[in-house]
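The block underneath contains the structure these notes are about, expressed in C-alpha cells.
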Amino acid sequence: IADTNTGDEVADMMAAPVDTQESQLTQVPNNGHGMAPYMMSVALWVGCIAFSLMYPLTQYSGELKSGFAWWRSKASVLYTVAIAEALVMLGSLHLFNGFQPVDWGRTVLVALVAALTFMSVMYFFTSLLGRVGSFLMLIFMVLQLGGSAGTYPLELSSDFYHKIHERMPFTYSVKAFRSTISTGQDISGEMAVFIGMIVVFNLLSLAVFVYKTKKGKNMISAEVAVES
Numbered sequence: 030i031a032d033t034n035t036g037d038e039v040a041d042m043m044a045a046p047v048d049t050q051e052s053q054l055t056q057v058p059n060n061g062h063g064m065a066p067y068m069m070s071v072a073l074w075v076g077c078i079a080f081s082l083m084y085p086l087t088q089y090s091g092e093l094k095s096g097f098a099w100w101r102s103k104a105s106v107l108y109t110v111a112i113a114e115a116l117v118m119l120g121s122l123h124l125f126n127g128f129q130p131v132d133w134g135r136t137v138l139v140a141l142v143a144a145l146t147f148m149s150v151m152y153f154f155t156s157l158l159g160r161v162g163s164f165l166m167l168i169f170m171v172l173q174l175g176g177s178a179g180t181y182p183l184e185l186s187s188d189f190y191h192k193i194h195e196r197m198p199f200t201y202s203v204k205a206f207r208s209t210i211s212t213g214q215d216i217s218g219e220m221a222v223f224i225g226m227i228v229v230f231n232l233l234s235l236a237v238f239v240y241k242t243k244k245g246k247n248m249i250s251a252e253v254a255v256e257s
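In terms of our numbering, the numbers along the sequence shown are unbroken and rise by one, the last being 257.
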C-alpha cells in the first residue's frame, strides 16, 4: 500500500475514470419538433375520419356497372384528398410554425404514405359499416394515442399498451416521422408496413363494393321481375 502512487493524476483518474465525448447526429430546434410526429399522425387520422363522414362514400349515381368501377370512383376522390391534406399540413406547419425537419423529402414521403394508409383504413370500415365504421375509427384513435408511445416512452405505459403497441398504425407513423424529422434513421420497415396495409385494406374495400354491387343488381332484377 505504501508503494501505491497517490499523486494528483491518479486521484483525478479515480474520481473521473471515464472521459465522455458528445456528438450530435442531428439538431432539433425545439420541443415542437419533438412532438410533431405524434400530432401530425393525429391530424392525418382526424382529417381522414372527417372526410369519410362528409363524403357520400356508399352512394352512387347513374348506372351501376361493376364493383370495381364503384370502388375506383370513390377511391380517386378519397386518395386525392389524402394527398392534399398531407401537403397542406406540412406546408402550414412550415409557414406558420417554422417546421424544419432534417430530411424534407422523406418527411413528405412519410406524410403522403401515412395519409394514404389511414384513408385506406377509413375507406374499408366506412364502406362496410357506414357511420358506425367512422365511429369505431374514432374509438380506435383513442387507443392509438396511448399505444403508439407518441408522448412518453412505452416503458412508462401499462401492460395493455405494451401488447397493442405493434398493432397500432400510429406506432409506425410516429417512428417514421421521428426518423425523418430528427434522428435520420432508416424508415424502410415502417414504409413496408404502410404499403402492406394499403394493399390489404384496398382489397377488402374492393370486396365490399363488389358484394354490394352484386346485391344491388339482384335487387334491381327482382324489382323488374315484380313489375313485369
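By construction, the Cβ of each residue, glycine as well, lies at the ideal position given by its N, Cα and C atoms.
Check                                                                                                             : Outcome
Any non-hydrogen atom of the ligand COA closer than 6 Å to S187 Cβ                                                : Judged by which ligands are present, the structure shown has none, so any question about the ligand COA falls away.
CB contact flag (F154, G162, <7 Å)                                                                                : yes
When G36, T55, A31 and L73 are compared against F199, the one with the closest alpha-carbon                       : L73
Close-in-space but distant-in-sequence residues of the same chain around R207 (CB under 6 Å, 5 per side omitted)  : P66
Beta-carbon proximity of G176 to H194, cut-off 7 Å                                                                : yes
Residue from T109, W100, L119 and L157 with nearest C-alpha to V139                                               : L119
Residue environment, V229, which counts as buried when at least 16 other CB atoms sit within 10 Å                 : exposed
For A205 and L233, the rounded distance between their alpha carbons                                               : 25 Å
Close-in-space but distant-in-sequence residues of the same chain around S70 (CB under 6 Å, 5 per side omitted)   : F199, S202 and V203
Of the residues L172, H123, P58 and Y181, the one placed nearest K192, counting alpha carbons only                : L172
Residue from S102, L145 and H123 whose Cα sits closest to the Cα of A111                                          : L145
Straight-line Cα distance separating Y152 from L77                                                                : The question names Leu, yet the displayed sequence has Cys at residue 77. Straight-line Cα distance between these residues: approximately 9 Å.
For T109, the three-state DSSP class (helix, strand or coil)                                                      : helix
Nonlocal neighbours in the same chain, by C-beta distance under 7 Å from S250, ignoring five residues either side : Residue confidence for S250 is low, a pLDDT of 45 falling below 50, so the modelled location carries little weight; the figure read from the coordinates is stated next. Same-chain partners within the cutoff: there are none.
Alpha-carbon to alpha-carbon, L93 and P130                                                                        : 46 Å
W99 vs Y84 beta-carbon contact at 7 Å                                                                             : no
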